[in-house]
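If you use my numbering, the sequence shown closes out at 1093, no skipped numbers anywhere. Contents: one structure, followed by commentary.
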Amino acid sequence: MRASSGSACAAAALALNLLAGALPTPGAAATPPAPSKPRATPADELDEWDRSLATLRTGIWLLHAGTAARGADPRGRTIDEDIAEWLTTPDSIVTLERARRDAGARLAAGDRAGMTAALDAGRVVRARWLSRLALLDLYWSARAALDYQSGAWGRWAARAPASARAQSRAHLQALEADLAARLVPGVTQGELRPALEDLGRAYNAEREKLARLVGTNGDDGRVPSPRASRLLCHGGEAPEPTGPSSPPAQAIYPRDAQRLGVWGEVRLALALSATGCALSSRVLSSSGAALLDAAALDWVEYAHFEPAQMGGHPIASTTVIRLAFVLPGRTPDPTVDAATARRNRPMTDLGGIALGITRRELEKLKGRPAATTARQESFNSLDAAHDGVLTATFGAEYTDDADRVVGVDYVGDGVSAPHELPPLRGLTRKELYAQVGEPQASEQLSNDSVRLRYPSGLYVNVGGGQVTGYGIAPTHVQAPPEIRMTIESSTLPARPAPPVAHPVAQARPRVAPAPKR
């Protein structure tokens, strides 16, 4: 039976206090570990161990402090319960305490080998905590956006037809259940992230769908009121400027909507002046997100259109437009099928190594490397049951720290493979394309070797007609948000009817015919 929320909270707090006499002050910023230094003495090794645990405790506390107020998630679990079950279990705390106590005793006796052996048992727990902390941070950070999305969907669902509401709820509940089933201590970020993304897309799509069904009738605060322009329109005869021209998306797309992953399309009716600016605007069809609907009206105020023409002169008109708020990489592209979209998702993990982690974090996660150079570290197996060599490359692509992983390469047999991908080694090109699709680009490595690159960041080395190895690298920098406008229709004022010319009879004297003679 699962512990109650209150007991789990107490267990998590007790575990944290066992690990540290005093926890960091709430809200304290986590500081990255200092660059590793050569261990000159056994005391240095023990000091480094103590610092690493202090950093880990700080990370756990910050995760708790930042998410505890959200309460239970759809699984019925709180962050305290996850911390207590995933991280600070009683046996793991006992292991860490024993490792530190024994290591200190060995150090006092001058037995460095014994001290290192004592710490090795603790290193296993420390690595597990680090990995699981990253997973919980990924989930609970994403949960904030999902909860916002769920609330926005619920407000429209409450007014939607019962059948549509039930169908929409069943779809979302199935995805929530799939996410909950994946969220176990053994999951990886590469396995968890797609489920989070799928659920976020579904909430967006279902919210929009219900908003279309409900419409904009009713003054319930869900749709902004029609708005008269608050800016001075150009009053000259000539249009200024010609267009349409639009304000930059980065300035209009709400920051909160970007952070929460909210996208959608707003349909608007505009009254345009003869100079091409909007005199008034109103929402005809809501995106289902009040943030985007209000931003759409803001966008209109700063946009200029090419005015309608009549008889060679600009005139006022009414126009219906669609404004699509797009987050590249997150908003579905209707021209791309679902299977291709899944393959093109950026890969951020391979063999449990995440792009962007530091060298020190990598060694905590994977242990001592089998081989090391200035820019690379290699590990000679995926795990105890799978063969292969994983090589992490460090570089300066991450501007904040040059000592971060910027690529992960794998070489192994034809049976084992990192869990993020099916076994690829030894496949022909045709077999490879059947597994992961067509590449986006290729580059020649040698006379008989080529590297194939995919939009997800996956690259595959092919030599002698077969796959010899593969890996991942960062994809392009995240594209900025976009606001795409489509003009749906325009209506001109009724053309005045031309005057009708009615002939006027001129009065003429009537002359009597002359009498005959």
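Backbone N, C-alpha and C fix where the C-beta goes; we use that ideal spot for every residue, glycine too.
When you compare the CB positions of Leu-864 and Arg-906, do they come within less than 7 Å of one another, or not? What sits at residue 864 in the sequence shown is Gly, not Leu. Their beta carbons are not under 7 Å apart, which means Gly-864 does not touch Arg-906 by this criterion.
Ignoring anything shorter than 4 residues, give me the alpha helix (DSSP H) runs that lie fully in the stretch 1023-1054, in order along the chain. none
What did DSSP end up calling His-640 once you bin it into helix, strand or coil? helix
Got a sec? Which residues, its chain only, sit under 6 Å from Asp-713 by beta carbon, not counting five neighbours each side? Leu-639
Expected contact under 8 Å - CB spacing of Gly-1002 and Asp-1024 to nearest Å: No, Gly-1002 and Asp-1024 are not in contact; Cβ-Cβ is about 16 Å, not under 8 Å.
Identify the continuous beta strand (DSSP E) that holds Arg-843 and give its terminal residues. 840-848
Can you check which of these residues, Leu-1034, Ala-694, Gln-1020, is closest to Arg-682 by C-alpha distance? Out of Leu-1034, Ala-694, Gln-1020, Ala-694 has the C-alpha closest to the C-alpha of Arg-682.
Ends of the alpha helix (DSSP H) at His-747? 738-758
Identify whether Asp-678 lies in helix, strand or coil by the three-state DSSP scheme. If DSSP states are grouped into helix, strand and coil, Asp-678 belongs with the helices.
C-alpha gap between Arg-627 and Thr-634, whole angstroms: 11 Å
Which residues does DSSP list as the beta-bridge partners of Leu-926? Ile-929
Close Cβ partners of Arg-578 (< 7 Å) along its chain, the five nearest in sequence each way excluded: A caution first: Arg-578 carries a pLDDT of 43, below 50, which makes its placement in the model too unreliable to give a value.
Following the continuous beta strand (DSSP E) through Val-896, name the residue where it begins and the one where it ends. 893-902
Write down every uninterrupted run of the beta strand (DSSP E) in the stretch 856-898 whose length is 3 residues or greater and which is fully enclosed by it, in chain order. 884-886, 889-891
Note down the Cα distance separating Pro-618 from Gly-698, rounded to an integer number of angstroms. 16 Å
Do Leu-844 and Ser-857 have their CB atoms nearer than 7 Å? yes
Counting along the chain, where does the alpha helix (DSSP H) carrying Gly-690 start and finish? 688-733
Would you be able to state if there are at least three C-beta pairs under 8 Å between the stretch 1010-1023 and the stretch 940-951? no
Can you tell me the Cα-Cα spacing of Asp-985 and Tyr-715, whole angstroms? Looking at the two C-alpha atoms, the distance is approximately 26 Å.
So for Pro-618, helix, strand or coil by DSSP? helix
DSSP-derived helix/strand/coil call for Ala-630: helix
Give the range of the alpha helix (DSSP H) segment to which Gly-776 is assigned. 765-790
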